[in-house]
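Taking mature numbering (1 follows the signal peptide of the UniProt record, and there is no 0), I'd label the letters of the sequence shown as residues -19 to -1, 1 to 276.
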Amino acid sequence: MNIFPVFIGILLCVSECWTQNKLKCGQTPYKHSVVSRIINGDKSTPNSWPWHVGLFFKIFNGYSFFCGGSLITRKHVLSAAHCFDQMHPMFEIYIGVGLNNLTKAHPAKNLIKVSRIIKHEKYNQTEFENDIVILELDKNVPLSKKISTICLPRGKNAKSVYNKTLFVAGWGSTTQKVSLASRSDTLNEIQMHIINNVNQTLCANMADSRYCAINRAKKNSNLCVGDSGGSLVHSDNGRWFVFGIVSFGNVDLVDGGKSVKCLTDSPTFFTIVPNYINWIDQHVNKKKKLKKNLN
């Protein structure tokens, strides 16, 4: 078993102005499915996770998807540091906003360039410790009903979501056996339950450093290649908060290492976001502008 990173006019104004005034962080006017999953999964309702973004690197005249992330301010995205382990420093990085289908990504419509990549100073590539990164964008993201920010769990205890139902969205593979470049074009979602406190065999030594979670609702479902960097979210009084970041899961290497088999009976591990609120504040360094997002 191996560990693999679970890599015009007035009408328009009325709509957009309503969005800016009514939608706060972690709110969405769209419903989402509560039974879908990522491996063998169903599609998410379009724009039901409006803070979820895709990460792309520009190669020649195209853009290649490689990870997920979450919009936490109009100019900052939260993701996993390991997504950039093999990234060539010359590649330009972009985020795709308001996407449900990856094939709709277009630089003139929904791709925004990343101007700065801020990895955690103590990120450990081997052990995936402090697996968190902030992406600073070169311009503000225009918010709308389809694009909004996710709330940070300020003042919330990391253990407050034990025994709760959480969700993860992603464009990762929807089949168990996949090539390393596999993905789903359409966004999927999965229910997750944290089991740090109930299964010390599967979650050994993970109590305080990472969330260890499985899907209790459906068998043969889990996160897979391409889901890395996405957020583990929980709804509290109608607002969604990001509690975790997809870090890694257990897979078997097959076909001489050319493919992997994502294990549906094994947990996925998440960076615990409540442990990094001060770090996020420090590096975003825009508490005044963050106020709308965090209140």
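Ideal placement from N, C-alpha and C gives every residue a C-beta, glycine not left out.
Because the structure is a prediction, the values reported are computed rather than measured.
Rounded to whole angstroms, the Cβ separation of residue 116 and residue 175 is 26 Å, and the two are not in contact under 8 Å. The alpha-carbon of residue 94 is positioned some 21 Å away from that of residue 30. Secondary structure note for residue 78: it is in no alpha helix (DSSP H), with a DSSP letter that is neither H nor E.
Beyond the five residues adjoining it in sequence on each side, residue 69 comes within less than 6 Å, by CB distance, of no other residue in the same chain. Where residue 58 is concerned, the enclosing beta strand (DSSP E) starts and stops at 57 to 60. Counting C-beta atoms within 10 angstroms of its own C-beta, residue 87 has fewer than 16 neighbours from the protein chains shown and is therefore classed as exposed. Annotation: the continuous beta strand (DSSP E) that includes residue 174 extends over 169 to 175. Spanning the alpha carbons of residue 221 and residue 131 requires a straight line of approximately 6 Å.
With a beta-carbon spacing of about 16 Å, residue 249 and residue 113 fall beyond the 8 Å limit used to define contacts. Closest by C-alpha distance to residue 209, out of 60, 37 and 165, is 60. In this structure, residue 150 and residue 168 form a Cβ contact; the two beta carbons are roughly 6 Å apart against a cut-off of 8 Å.
Of 47, 191, 218 and 65, the smallest CA-CA separation from residue 226 is found for 191. For residue 215, the enclosing beta strand (DSSP E) starts and ends at 212 to 217.
In the three-state reduction of the DSSP assignment, residue 260 falls in the helix class, which pools H, G and I.
Exclusion of the five residues before and after residue 55 leaves 121 and 122 as the residues of its chain whose Cβ lies within less than 6 Å of its Cβ. When Cβ pairs closer than 8 Å are counted between the two stretches, the stretch 103 to 113 is seen not to touch the stretch 130 to 144, the count staying below three.
Under the three-state reduction of DSSP, residue 63 is assigned to helix. DSSP places residue 69 in no beta strand (DSSP E); its state is neither H nor E. Non-local C-beta neighbours of residue 51 in its own chain, meaning closer than 6 Å and more than five positions away in sequence, comprise 32, 59, 131, 212 and 223, ordered along the chain.
By the CB criterion at 8 Å, residue 109 and residue 228 fall inside the cutoff. Residue pairing by DSSP places residue 196 opposite no residue, since no beta bridge is assigned to it.
With 16 or more other CB atoms across the displayed protein chains lying within 10 angstroms of its CB, residue 46 is buried. Rounded to the nearest angstrom, the Cβ distance from residue 8 to residue 63 is 30 Å, too far for a contact under 8 Å.
Taking the Cα positions, residue 98 is about 11 Å away from residue 119. According to DSSP, residue pairing for residue 50 in a beta bridge involves 34.
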